[in-house]
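Here the protein sequences line up with chains A and B, keeping their order.
Numbering (the numbering used here) for the first sequence: 1 to 473.
Numbering (the numbering used here) for the second sequence: 474 to 635.
C-beta atoms are modelled at their ideal positions from N, C-alpha and C, and glycine is treated no differently.
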Amino acid sequence: MTTHTTARPVTAQPHVSAAAADYRREFSRRARRSDLLVMALWASGAAAAALFLASGGAGQFTSLTETITSVGIIGGLIGTDFILVMLVLAARIPLIDKTIGHDRAIAVHRSLGKPALYLLLGHGALLLIGYGMATGINPIAEIGPMLALPDMPLAFIGLGLLIAVVVSSVVAVRRRFSYEGWHLIHLLSYVAVAFALPHQLSVGGVLSEGTAQRIYWIALYVLAIGAIVTFRMVEPIVSSLRHGLRVSAVTAIAPGVTTIQFSGRALRELGASGGQFFIWRFWTGRTWWHSHPLSLSAMPTNTSARITVRALGEGSEQLGTLPVGTRVSIEGPYGLFSTAARTSPKLAIIAAGIGVTPVRALLEHATFAPGDATILLRASTPEETYHWDEIRAIAAAKGAACYVMVGHRPAHTSSWMSATDVDRGVTLAAVFPDLADSDVFLCGPTPWLDLVEADVRHAGIRPHQIHAERFDW
Amino acid sequence: MRTRAILGSILASASVLIVGYQAGVSVTTSDGKSLSLPVGSTTNGTTGTTTPSSAPSSGTTTEAPVVSGPSNGTYTGSSIRTRFGNVQVSVTITSGSITEVTALQLTDADGRSVQISNRAAPILRSEVLASQSAQVSNVSGATYTTQAYLTSVQSALDLAGA
């Protein structure tokens, strides 16, 4: 299986087409932006600490008491910095979405949650110890005088709320909630940030006049809150009003699978790429409270758009009976599962089940030379072959090779292919001879996709060539 | 790409921290001087000779100090700058002894400082009254306030010619 897959460095090719050079240039630009974002993240944490040191904190390590207090303060500052960075990452800022994609932004957001909480818990604990030592009482007894400080009761409540938010987002706990329930708890993080702010001003003095800290923290708060307000509130409302989307047709195409057609104004100006998703909200009495992240299943025209939905949860079941004329509000387009993520002129696409929807739009949108794209469609049963006819038609028109693979996975192995094809000896390399210098787009249910991705990585494909969209919930 | 991001992050964070620390050290050393220098260093009653930039308000109600001993009156000490705010006291002398110390300004940069100085000020006042000098022990947990308070007391006593 590995015979074809020694990764040829792309640069070693003697004749590089103009298109290939363009993709490479675009990719290195994006990689550079992405690296800068990572650096900015860490540097912001360092800046929080450095500004404290610069405004006099550097001299506060002369005794054990002072050191404990100072470390506690630094912990709180870095923790707060991370919380604000998390807000920035969750704000769906177009620049960040274009650079690392919504998925990765949220993954980084998640990975910062626990460290931020631990830093803030440490902040509280160390300051109780440090202040306690300074006045000669134990940390528990110090809680009393601490609460007597102005704004401290609010700060304690804020920390409590933050604990609730983080605990509710731990995977095991999160499964117990509906998305809406979890989201409601998650909104408490805004309250937590607001409650923590006063004590940073009055007790911490980070915003005292004329300090560099003041400029830094004001800028960071404005950036975080401003980004949330702009890109999660104002922009979606303006865009929804402007494009005036309404449901124009609802068609069942298979058991539990529905296409929803929309009419609207100036939809091209949404700038959606094939493969991207929007967050949809359908304004009927039963469905308005539930938002649905769903990919376009065709490129929008200027006046119409289409999605394809499979009933996966209680919310999406009701979408099959939406009345024509229902108003729809949107947030998006989001995601890097699109032509914007390409690094090479060649495409290798594997999609399973309802995962065909973004792939269908991606294929329609992508430009490639005949023979440069290969698609493998995968389903467990013949009933799950949604939009396969459309994809075959596009593939035929654009000169892409299209393979299909129907059947359940073999039991007791880790193959993502059908049992019959495994027996026939089908391999990744056999289906995709140009895999090594292709962009690999994968879309399907998480457990299946994990297996495909492992296979693709095993074939020596580098992470930046792999673009995966998973269906979680 | 990842290595570039990691190395860049380390470099950026480290340099930010170093710059911050350097800036902080230079600030505190200059502050430190203002605290350690003045106590008892000069006795020529004209000013409290403290280094802080804010022009120290020298005695307001001074009659020219008489060489023989402290004269009656209220003497305003120097305003001492600390990183938690300025500290200034006035000392009232009656028949050669200190009868009152009034805090005109105490460390107030933030809520915590206010709490600390409010706790320390009464202790310092009674200790100064008891010892009749600025040579009293540190109030634990309020080192900056104590040093600045006593420095201001001393400068007021200098004015009084004590």
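In this structure GLY584 of chain B touches ASP151 of chain A by the C-beta definition: roughly 7 Å separates them, less than 8 Å.
Contacts with chain A at 8 Å (Cβ-Cβ) do not include ASP631 of chain B. Close CB contacts of HIS186 of chain A within its chain, under the 8 Å cut and outside five residues either way in sequence, are with VAL165, SER168 and SER169 (chain order).
When the beta-carbon positions are compared, PHE195 of chain A and ILE157 of chain A come within less than 8 Å of each other. Collapsing the DSSP output to three states places MET417 of chain A in coil. Below the 8 Å Cβ cutoff, chain A contributes ALA46, ALA49, ALA50 and LEU53 as neighbours of LEU490 of chain B, in chain order. For GLU573 of chain B, the closest alpha carbon among the candidates B:ILE491, B:SER482 and B:TYR548 is that of B:TYR548.
Per the Cβ contact rule, the segment 407-420 of chain A is not in contact with the segment 322-333 of chain A (fewer than 3 Cβ pairs under 8 Å). Judged by pairs of C-beta atoms under 8 Å, the segment 77-89 of chain A does not touch the segment 124-137 of chain A, as fewer than three such pairs exist. Going by C-alpha positions, LEU363 of chain A is about 11 Å away from SER273 of chain A. As a beta-bridge residue in DSSP terms, TYR548 of chain B pairs with B:VAL564. Spanning the alpha carbons of ALA478 of chain B and MET39 of chain A requires a straight line of approximately 6 Å. Under the 8 Å Cβ criterion, the segment 389-400 of chain A does not count as touching the segment 433-450 of chain A, having fewer than three qualifying pairs. Put simply, the CB of LEU149 of chain A is near chain B, with a gap under 8 Å to one of its CB atoms.
Going by C-alpha positions, THR284 of chain A is about 8 Å away from LEU322 of chain A. Neighbours of ASP35 of chain A in chain B, taken as residues at a C-beta separation under 8 Å, are given in chain order as MET474, ARG477, ALA478 and GLY481. Judged by pairs of C-beta atoms under 8 Å, the segment 394-414 of chain A touches the segment 361-375 of chain A, as three or more such pairs exist.
Inclusion of VAL452 of chain A and TRP416 of chain A in the CB contact set at 8 Å is warranted, their separation being smaller than that value. A contact between stretches requires three or more CB pairs, one per stretch, nearer than 8 Å, and the segment 581-599 of chain B meets this requirement with the segment 610-628 of chain B.
ARG92 of chain A has its alpha-carbon roughly 41 Å from the corresponding atom of PRO145 of chain A. Listed along the chain, the chain A residues whose CB falls inside 7 Å of the CB of GLN588 of chain B are LEU149.
At a cut-off of 8 Å between C-beta atoms, ALA141 of chain A does not count as an interface residue with respect to chain B.
Under DSSP, the beta-bridge partners assigned to ILE466 of chain A are A:VAL440.
In this structure, A:LEU336 is the residue among A:LEU336, A:TYR216, A:TYR179 and A:ALA50 with its C-alpha nearest to the C-alpha of ALA105 of chain A. Taken atom to atom, the span from the alpha-carbon of ASN591 of chain B to that of SER499 of chain B is near 29 Å. Straight through space, the alpha carbons of LEU428 of chain A and THR413 of chain A are spaced by roughly 16 Å. Taking 8 Å as the cut-off, the beta carbon of GLY244 of chain A is found no closer than this to the beta carbon of ARG268 of chain A. Counting the other Cβ atoms within 10 Å of the Cβ of HIS199 of chain A gives 16 or more, which makes it buried.
Annotation: the continuous alpha helix (DSSP H) that includes PHE82 of chain A extends over 64-90. Against SER202 of chain A, the close residues of chain B are ASP583 and GLY584, in the order they occur along the chain (beta-carbon pairs closer than 8 Å). ALA21 of chain A: member of the alpha helix (DSSP H) spanning 18-54, first to last residue.
For the pair GLN276 of chain A and SER338 of chain A, the CB atoms are nearer than the 8 Å cut-off. Distance from the CA atom of LEU377 of chain A to the CA atom of ASP97 of chain A, rounded to whole angstroms, is 27 Å. By the rule that beta-carbons nearer than 8 Å mark a contact, TYR548 of chain B does not touch chain A. Interface with chain A (8 Å Cβ-Cβ cutoff): ALA593 of chain B is excluded. Straight-line measurement puts the Cα of VAL359 of chain A at about 7 Å from the Cα of ALA351 of chain A.
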